[in-house]
Amino acid sequence: MSNSLLKTLENAYPDLHFKSGKKFSFRAPRTICYVENTPNFDSLLLHELGHALLHHTDFATDIERLKMERAAWEKAKEVAAELTTKGPAVTIDEELVETELDTYRDWLHQKSRCKKCGLTRYQTPDGAYHCPHCER
């Protein structure tokens, strides 16, 4: 765990609460949970900070969730670059970003697959999935 990054973020964002927990997460409106002694700690912590800074709370559709995840990673990269200009280099592992986003892409693919015929369903703004084959 990068205690120095954690301390830096606690000082830079005093309105946020950083708390050790069972998984990395952002709990709106102000709590960021982290897991101590985790590989890629800095990247994952900055990702959750990205959610907080972007005021991510909830989403209506699964594609919105994927977009929020991508946006949080982009914000994490911005914060890392800003922190690097002020002190030691903070980097976001691009391979980790894509691996993490792949988990959401895979989840979305599985969730959108029709259980009856196997085709990809589409999701309406109310969050419901519909199969173009089975519901015609």
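Just add 71 to the spot in the sequence shown (first one is 1) and you have my numbering. Just so it is clear, CB atoms sit at the ideal spot from N, CA and C, and this is done for glycine as well. For clarity, every value in this text was computed on a predicted model and none was experimentally measured.
Write down every uninterrupted run of the alpha helix (DSSP H) in the segment 85-166 whose length is 4 residues or greater and which is fully enclosed by it, in chain order.
Fully enclosed alpha helix (DSSP H) runs of 4 or longer: 112-124, 133-157.
Which word fits W178, buried or exposed, when buried means at least 16 other C-beta atoms lie within 10 angstroms of its C-beta?
exposed
Kindly list the residues whose CB is nearer than 6 Å to the CB of H275, restricted to its own chain and excluding five residues on each side of it in sequence; keep chain order.
Within the shown structure, residues of the chain are numbered from 72 to 207, placing residue 275 beyond reach of any answer.
Of the choices H118, N111, N82, E107, whose alpha-carbon is the least far from that of R98?
Comparing C-alpha distances from R98 to each of H118, N111, N82, E107 shows the shortest one belongs to H118.
D173 and N111: beta carbons closer than 8 Å?
The beta carbons of D173 and N111 sit no closer together than 8 Å.
Please list, in chain order, all residues of the same chain as K90 whose beta carbon is under 8 Å from its beta carbon, the five residues on each side excluded.
Excluding positions up to five away in sequence, the list reads T102, I103, C104, Y105.
Go through its chain and collect everything with a Cβ distance to C202's Cβ below 8 Å, but skip five positions before and after it.
C185, K187, C188, L190, R192
Assuming V161 and L76 are in contact, meaning their beta carbons sit under 8 Å apart, how far apart are those beta carbons, in whole angstroms?
Sure, about 7 Å apart at Cβ, within 8 Å.
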